[in-house]
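Structure first, commentary second.
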Amino acid sequence: MTRSWRPAACRPMFLFVLLLTVSVPAGYAEEKEDKAASSADSADVTVKLDGTFEAIRQFEVTADNEHLTNLVIERIVPSGTSVTEGQTLVWFETKPLDDKIRSAESDLAIARLDLESDEFAHEQFLKQQTLDKAKARRTRDQAQQAYDNYQRVDRERAIKQAKFSLESSQFSLESATEEYRQLEQMYKEDDLTEESEEIVLRRAKRAMESAQFSLDRAKIQHDRTIKQSIPRDDANQEETLARALIDYEKAVHAMGIDKQKRELELRRKRVKLEQQAEKFDEMRAERKKVVLKSALDGIFVYGTVTRAKLPAKPVELKKGSGVSGKQVIGTVLAPTKLQVRVELPEPQLKSVHVGDRCKVVPKGIADAELNGVVKSIGIVPLTAGKYDCIVSLRGKASADVLPAMTCELQFTTAKPKAADDAEKDGAEKDGAEKKDEASK
């Protein structure tokens, strides 16, 4: 019984040990493969970008003229020449500039004479305005005096005159009538001849009729004076005075406006003359810029250098070439201190950040490599889908590295783990945990 029990009891334990021995190498192999795959997936990735060396110190060569703008080159240093600070780069023809300055000087002298004439005319205008204002005041006062005379004397006098004329005519009629009656009575009593009597009576009767006619006319004139002339004169006097006051106010107001306008116009001419004189002084100062010199040591190139890049088309400048006053004729680039300009594509914003280090490899120089660090990245796009990026150089660059040369920037970044790989790692981790629990 004892011999048959021990093999039966040990058989399950033996099988478990055998199974554990066989399964351990298999799990170890899978873990090794996973580590190898994970190591391959997390390998560093190199991002390569094109850049251009840029001189940190630059000097734009321009006359920067406001008035002497039509410039003609008499002589110019060839593009690509190494120049020193203070060296003359451009010479301009002087005859056109001198002709323009002489013309401006003549215009300034004429403008000064015109202003002097205007100043004298303004003085005469002020004196004449004083006389005109006094005349307008006298006219107003005369109208006021005439109105006062009419109201105080003339109106009442006209009424009395009409009444007096009527009374005089009435008295004349009465006198003529009485005289005629007395003569007629007298002639009836005396011994005068009939012919003489008729003559005297006829004259007396005629005088009486004339007096009657004068009386009728005086009545009509009296009625017209009281009912028509006096009211009409009242209205005319009121209107005349009102118009005189209005004309006076209008004249004074017009003279005030005219004076202000003339003073403003004269002030404008004074300011214009000052500006013209200032312009002439500036032209004479600009005349001194017949030669343009370099402000630093470097390489002189034609045209404007924009973000480290030379003009897309070659700039041709020679003797006789015309340039404007504000035109940038050329640029002096100092090669002693450089940085790199990069147009960073938008998809690379997630890979390149401020402070990242990189390798800078000049494309035109063999076996040359520099170290760089991202200094800044533009917030808004420079152009569609591209951002302005500046990379500072560490250490001193080779003398062969010059501004406007191109280079390649190499950024080394860790490859991000894909989402599928993360899910796979999670599932494998869960499986491993379950196996551990089962083994326990």
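All letters in the sequence shown, in the order written, are residues -29 to -1, 1 to 411 by mature numbering (1 follows the signal peptide of the UniProt record, and there is no 0). Quick reminder that beta carbons are idealized off the backbone N, C-alpha and C, glycines included.
- ASN41 and GLY293 do touch by the CB rule: their CB atoms are close to 7 Å apart, below 8 Å.
- Pairing ARG109 with SER200, the inter-Cα distance amounts to about 28 Å.
- For ARG312, the pairing in a beta bridge is given by DSSP as THR23 and ILE361.
- By the Cβ-count criterion, ARG111 is buried, with 16 or more other Cβ atoms from all chains shown falling within 10 Å of its own Cβ.
- For a cut-off of 8 Å, the C-beta gap from VAL61 to VAL54 is around 11 Å, too long to register as a contact.
- Bridge partners of ARG46 according to DSSP: TRP62.
- For LEU235, the enclosing alpha helix (DSSP H) stretches over residues 201 to 258.
- Judged by their CB atoms, ALA189 and SER136 are nearer to each other than the 7 Å cut-off.
- Secondary structure of THR148 (DSSP, three-state): helix.
- Remark: fewer than three beta-carbon pairs, one from each stretch, lie closer than 8 Å, so the segment 315 to 331 and the segment 270 to 281 are not flagged as touching.
- With respect to the C-alpha of LYS367, the residue from GLU314, TYR151, GLN310 and ILE348 having the closest C-alpha is GLN310.
- Cβ atoms of GLN141 and LEU102 stay farther apart than 8 Å, at about 55 Å.
- Between ASP359 and GLY349, the CB-CB gap stays under 7 Å.
- Membership of SER265 in any beta strand (DSSP E) is not indicated, and neither H nor E is assigned to it by DSSP.
- Scanning its chain for C-beta atoms nearer than 7 Å, with the 5 sequence neighbours on each side dropped, one finds around LEU216 the residues ARG111, in chain order.
- In the DSSP annotation of this structure, the continuous segment of the beta strand (DSSP E) that includes ARG328 starts and ends at 328 to 333.
- In terms of CA proximity to ALA175, GLU150 leads the group LYS297, GLU150, PHE184 and LYS198.
- Distance check between ALA107 and each of SER363, ARG214, LYS330 and GLY291 places ARG214 closest, using alpha-carbon atoms only.
- Judged by pairs of C-beta atoms under 8 Å, the segment 239 to 254 touches the segment 71 to 91, as three or more such pairs exist.
- Here ALA355 is exposed. Its C-beta has fewer than 16 other C-beta atoms within 10 Å.
- At the C-beta level, ALA82 and ALA305 stay beyond 7 Å of one another.
- Remark: C-beta atoms of VAL325 and VAL351 do not approach each other more closely than 7 Å.
- Looking from the CA of HIS93, the closest CA among ARG28, ARG238 and GLU138 belongs to ARG238.
- According to the DSSP assignment, GLY274 belongs to no beta strand (DSSP E), since it is labelled neither H nor E.
- Looking at the DSSP output, PHE382 bridges to VAL18.
- SER53 has ILE270 as its beta-bridge partners, per DSSP.
- In the three-state scheme derived from DSSP, where H, G and I count as helix and E and B as strand, VAL171 is classed as helix.
- The three-state reading of DSSP puts LEU353 in coil, since its state is none of H, G, I, E or B.
- By the beta-carbon neighbour count (other beta carbons within 10 angstroms, threshold 16), ILE361 is buried.
- Excluding five sequence positions before and after LYS104, the CB atoms of its chain that fall closer than 7 Å to its own CB belong to VAL223 and MET226, given in chain order.
- Counting along the chain, the unbroken beta strand (DSSP E) around LYS346 starts and ends at 341 to 348.
- DSSP places LEU304 within a strand segment (E or B) once states are collapsed to three.
- Spatial neighbours of PRO333 in its own chain (CB-CB distance under 7 Å, excluding positions within 5 residues in sequence) are listed in chain order as ALA339, VAL372, MET376 and CYS378.
- For GLN208, the CB contacts under 6 Å within the same chain, skipping 5 residues up- and downstream, are TYR118 and TYR121 in chain order.
- Per DSSP, LYS106 has no beta bridge partner at all.
- Close CB contacts of GLY269 within its chain, under the 6 Å cut and outside five residues either way in sequence, are with VAL303, LEU304 and ALA305 (chain order).
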